[in-house]
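Following UniProt numbering, the numbering of the sequence shown begins with 1 at its first residue and continues without gaps.
Cβ coordinates follow ideal geometry from the N, Cα and C atoms, glycine included.
Structure first, then comments.
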Amino acid sequence: MDTTEPTPLVNSALLRRYQGRRVRSVLKIVGRTNDGIQCLAADNGTVLVRPSPGAQYASPFVEVIGVVENETTIREDSYTNFGENFDMGTYNQLVNLSNGEHSHLFI
């Protein structure tokens, strides 16, 4: 496993902390606009994903890996479809643990 450039788990509230860095987040797709894909993060905040060319999100829940452009936008580099059902509440707890006092366990 390559740990030279870890990708932190984030929710919408954590995006501002990681501007310009690569992150990962499981998101729920709620709509599409000319600017990108509108999503809900695990903390119920809104996130705009700018998909890579040819990206075809085939399920309501996707894990996006990409670079944070600003406090509401991720430029996607890769993604994984996460299916029809996903427990966002539990995932949000994991995100908070991985960015809090237990962050050393996730790097």
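Inset, instruction - Taking the CB atoms as reference points, tell me whether glutamate 63 and threonine 80 lie closer together than 8 Å. - result: Start at 1 with the first residue of the sequence shown, and residue 63 comes out as number 63. Start at 1 with the first residue of the sequence shown, and residue 80 comes out as number 80. Result yes, Cβ atoms of glutamate 63 and threonine 80 sit closer than 8 Å.
Inset, instruction - Taking only the alpha-carbon atoms, compute the straight-line gap between valine 72 and leucine 97 and give it to the nearest angstrom. - result: Numbered from its first residue, the sequence shown carries residue 72 at position 72. Numbered from its first residue, the sequence shown carries residue 97 at position 97. The identity of residue 72 in the sequence shown is threonine, whereas the question assumes valine. Approximately 21 Å between the Cα atoms of the pair.
Legend entry - Sequence-distant residues of its chain with Cβ nearer than 6 Å to phenylalanine 106 (five each side left out): On the sequence shown, position 106 is the one that residue 106 refers to. Only Ser98 meet the Cβ criterion.
Inset, instruction - Output the distance between the C-alpha atoms of leucine 15 and glycine 83, rounded to the nearest integer angstrom. - result: Reading the sequence shown from its first residue, position 15 is the one you call residue 15. Reading the sequence shown from its first residue, position 83 is the one you call residue 83. Looking at the two C-alpha atoms, the distance is approximately 24 Å.
Inset, instruction - On a CA-only basis, which of Val67, Leu94, Tyr57 is nearest glycine 31? Give me that one, please. - result: Taking the first residue of the sequence shown as position 1, residue 31 is located at position 31. Ranking the options by Cα distance to glycine 31, first place goes to Tyr57.
Legend entry - Selected residue, minimal CA-CA separation from tyrosine 67, among Thr33, Gly45, Arg50: Within the sequence shown, the letter at position 67 stands for residue 67. Residue identity check: residue 67 is valine in the sequence provided, not tyrosine. Cα-wise, what sits closest to valine 67 is Arg50.
Legend entry - Those runs of the beta strand (DSSP E) which lie wholly inside the segment 17-75 and span at least 3 residues: 22-32, 37-40, 46-50, 61-70
Legend entry - Rounded C-alpha distance that separates glutamate 101 from isoleucine 29: Your numbering for residue 101 matches position 101 in the sequence shown. Your numbering for residue 29 matches position 29 in the sequence shown. Each residue's Cα considered, the two are about 30 Å apart.
Legend entry - Bridge-paired residues (DSSP) for leucine 9: Within the sequence shown, the letter at position 9 stands for residue 9. Leucine 9 is bridged by DSSP to Arg24.
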